[in-house]
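*Asks:* A single structure is presented below for examination.
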Amino acid sequence: MPLADYLASKYLSADQKPSKKRKRKEAKLEGLTIADDDVNDWTKPRADADEDDDAPMVVGGGLSGGLNKPVKKSKWVKVGVEAPKDSEQAAADAILAGAQADAAKRAEEDEDAPAIVGENADGPMMASGAMAGLQTADQVTAALKRKQKAEMKAMKEAGLDPEGKAQETIYRDASGRIINVAMKRAEMRQKAEEAERKKQEELESRKGDVQRREKEERKAALAEAATMGVARHADDKKLNDELKEQERWNDPMARLLASKKSSKGGKAKSKIGKTYQGAFEPNRYGIRPGWRWDGVDRSNGFEKKWFQARNKAKDKEALEYAWQMDE
Numbered sequence: 000m001p002l003a004d005y006l007a008s009k010y011l012s013a014d015q016k017p018s019k020k021r022k023r024k025e026a027k028l029e030g031l032t033i034a035d036d037d038v039n040d041w042t043k044p045r046a047d048a049d050e051d052d053d054a055p056m057v058v059g060g061g062l063s064g065g066l067n068k069p070v071k072k073s074k075w076v077k078v079g080v081e082a083p084k085d086s087e088q089a090a091a092d093a094i095l096a097g098a099q100a101d102a103a104k105r106a107e108e109d110e111d112a113p114a115i116v117g118e119n120a121d122g123p124m125m126a127s128g129a130m131a132g133l134q135t136a137d138q139v140t141a142a143l144k145r146k147q148k149a150e151m152k153a154m155k156e157a158g159l160d161p162e163g164k165a166q167e168t169i170y171r172d173a174s175g176r177i178i179n180v181a182m183k184r185a186e187m188r189q190k191a192e193e194a195e196r197k198k199q200e201e202l203e204s205r206k207g208d209v210q211r212r213e214k215e216e217r218k219a220a221l222a223e224a225a226t227m228g229v230a231r232h233a234d235d236k237k238l239n240d241e242l243k244e245q246e247r248w249n250d251p252m253a254r255l256l257a258s259k260k261s262s263k264g265g266k267a268k269s270k271i272g273k274t275y276q277g278a279f280e281p282n283r284y285g286i287r288p289g290w291r292w293d294g295v296d297r298s299n300g301f302e303k304k305w306f307q308a309r310n311k312a313k314d315k316e317a318l319e320y321a322w323q324m325d326e
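Residues 0 to 326 in numbering that gives the first Met the number 0 are what the sequence shown spells out, letter by letter.
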């Protein structure tokens, strides 16, 4: 049954035409009836002129009583389609079995079959590798595995690492020659070390004699501390002498003590304060440098040029006087 007819019969309500009930006319048996053996009267009834065309046909004879009974209509309603016959069911089972066998065969051949980009026989493919449309989880997993295997194969053919590790970058110079990165890095490291060494030498050259002497003293103290015992007692003479020689800025008795020579620097201590005992460049005012001066001249050189100009003027004056005496 077509779907439209089924829906119309089950869900649509149409106006039924009123049927006219007509009275049946009883057939009158008139005497003896002679029937021919070759004529089948009950299949081909004789037309009655007195009845209308739409009236039910009445068959004469002894079978009229049984044939004229109305047929009872069943009240059972059929739902769905009719059950298929045995032959149709067998054909459907054979088709389903063949489809399942084909699907299993395709699943076995998917591992070695080439990947198809775009569309395959079943339908369009998405970017993830899965087929578009409604499908099971096994089908999606198989499609993703096929795409992953195809990508790995393509990467191997292209010479790339399938694990996705980064390849070493190839550097070239202006002429196109390959640059050895390890060698260049070693050269740059060597240049950096050389620059650092020169910087340290320059800083060392800027230091004065006092700073160099203090640095050597610190090295000697560290070397001596390596062999020194951990325990220090109150009667340790060397430790007591070192503590006595230390100068503290807030010592109230420092200015009242008698002057003495320091055992280390040879600097004199007096009531008027400390002064620098080494040589220094002269200045116009005769001011001596402080006792903490390290011996490095950090001035702009004006005092030196001032003395040079005075000495040059004196020399010129003396030379002119000598020439006058020669004349």
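For each residue, glycine too, the CB sits at the ideal point set by N, CA and C.
Is it right to say A230 is buried, meaning 16 or more other beta carbons lie within 10 angstroms of its own, or is it exposed?
*Replies:* Here residue 230 refers to the residue found at position 231 of the sequence shown. Label assigned to A230: exposed.
*Asks:* Closest by CA to V127, which one among L133, K144, Q134?
*Replies:* Here residue 127 refers to the residue found at position 128 of the sequence shown. Strictly speaking, residue 127 in this sequence is Ser, with Val absent from that position. Minimum Cα-Cα distance from S127 among the listed residues L133, K144, Q134 corresponds to K144.
*Asks:* At what residue ranges does the stretch 197-229 contain a whole run of the alpha helix (DSSP H), taking only runs of 4 or more?
*Replies:* DSSP runs (the alpha helix (DSSP H)) wholly in the stretch 197-229: 208-226.
*Asks:* Is Y275 helix, strand or coil by DSSP?
*Replies:* As a position in the sequence shown, residue 275 is number 276, starting the count at 1. In the three-state reduction of the DSSP assignment, Y275 falls in the coil class.
*Asks:* What are the boundary residues of the alpha helix (DSSP H) that includes K144?
*Replies:* Numbered from 1 along the sequence shown, position 145 holds the residue referred to as residue 144. 136-156 is the span of the alpha helix (DSSP H), which, as asked, contains K144.
*Asks:* Apart from the five residues on each side of it in sequence, which residues of its chain come closer than 8 Å, Cβ to Cβ, to R217?
*Replies:* Indexing the sequence shown from 1 puts residue 217 at position 218. No residues qualify anywhere along the chain.
*Asks:* Given this structure, state the Cα-to-Cα distance separating P1 from E156, to the nearest angstrom.
*Replies:* In the sequence shown, counting from the first residue as 1, residue 1 sits at position 2. In the sequence shown, counting from the first residue as 1, residue 156 sits at position 157. Going from the Cα of P1 to the Cα of E156 covers about 57 Å.
*Asks:* Return the first residue and the last residue of the alpha helix (DSSP H) that Y320 is part of.
*Replies:* For the purposes of this step, residue 320 is taken as the residue at position 321 of the sequence shown. Y320 -> alpha helix (DSSP H) spans 301-325.
*Asks:* Leaving aside the five residues before and after V180 along the sequence, list all residues of the same chain whose C-beta is less than 7 Å from its C-beta, in chain order.
*Replies:* One-based indexing of the sequence shown puts residue 180 at position 181. For V180, where only same-chain residues beyond five positions count, the Cβ hits under 7 Å are Y170.
*Asks:* Classify M187 as helix, strand or coil using the three-state DSSP reduction.
*Replies:* Within the sequence shown, the letter at position 188 stands for residue 187. If DSSP states are grouped into helix, strand and coil, M187 belongs with the helices.
*Asks:* The alpha helix (DSSP H) spanning E244 covers which residue range?
*Replies:* Translated into positions along the sequence shown, residue 244 becomes position 245. Counting along the chain, E244 sits inside the alpha helix (DSSP H) bounded by residues 236-244.
*Asks:* Would you mind working out which of A191, D325, E302 sits nearest P281, comparing C-alpha positions?
*Replies:* Reading the sequence shown from its first residue, position 282 is the one you call residue 281. If we check each option's Cα against that of P281, E302 comes out closest.
*Asks:* According to DSSP, is I94 helix, strand or coil?
*Replies:* Taking the first residue of the sequence shown as 1, we reach residue 94 at position 95. Reduced to three states, the DSSP call for I94 is helix.
*Asks:* Mapping DSSP to helix, strand and coil, what is Y284?
*Replies:* Taking the first residue of the sequence shown as position 1, residue 284 is located at position 285. DSSP places Y284 in coil when its eight states are reduced to three.
*Asks:* For A141, count neighbouring Cβ atoms within 10 angstroms of its own Cβ and tell me buried if that reaches 16, exposed if not.
*Replies:* Mapped onto the sequence shown, residue 141 falls at position 142. Classification for A141: buried.
*Asks:* Hey, Q210 and D293 are a contact pair by Cβ (cut 8 Å); roughly how many whole angstroms apart?
*Replies:* Residue numbering aside, residue 210 sits at position 211 when the sequence shown is read from its first letter. Residue numbering aside, residue 293 sits at position 294 when the sequence shown is read from its first letter. So it is a contact: roughly 5 Å between Cβ atoms.
*Asks:* Under 6 Å Cβ to Cβ from V139, same chain only, skipping five residues before and after it: list those, please.
*Replies:* Residue 139 sits at position 140 when you count from the first residue of the sequence shown. Cβ within range, chain order: A129.
*Asks:* Drop a sphere of 10 angstroms on the beta-carbon of M124, count the other beta-carbons inside from all chains shown, and report buried for 16 or more, exposed for fewer.
*Replies:* Position 125 of the sequence shown, counted from the start, is the residue given in the question as residue 124. It counts as buried.
*Asks:* CB V295 to CB R184, shorter than 8 Å?
*Replies:* Translated into positions along the sequence shown, residue 295 becomes position 296. Translated into positions along the sequence shown, residue 184 becomes position 185. In this structure, V295 keeps its C-beta atom at 8 Å or more from the C-beta atom of R184.
*Asks:* Look up R345 in the DSSP assignment and say whether it is helix, strand or coil.
*Replies:* Limits of the chain in this structure are 0 at one end and 326 at the other, which puts residue 345 out of reach.
*Asks:* If the criterion is Cβ atoms closer than 8 Å, does the pair W248 and K273 meet it?
*Replies:* The residue labelled residue 248 in the question sits at position 249 within the sequence shown. The residue labelled residue 273 in the question sits at position 274 within the sequence shown. Not closer than 8 Å, so no.
*Asks:* State the DSSP-derived secondary structure class of M182, mapped to helix, strand or coil.
*Replies:* Against the sequence shown, residue 182 aligns to sequence position 183. M182: helix per DSSP, three-state reduction.
*Asks:* I need the DSSP call for R254, collapsed to helix, strand or coil.
*Replies:* Locating residue 254 in the sequence shown gives position 255, where the first residue counts as 1. In the structure shown, R254 sits in coil (DSSP, three-state: anything other than H, G, I, E or B).
*Asks:* How many angstroms separate the CA atom of F335 from the CA atom of D250?
*Replies:* Nothing can be reported for residue 335, as the shown portion of the chain is limited to 0 through 326.
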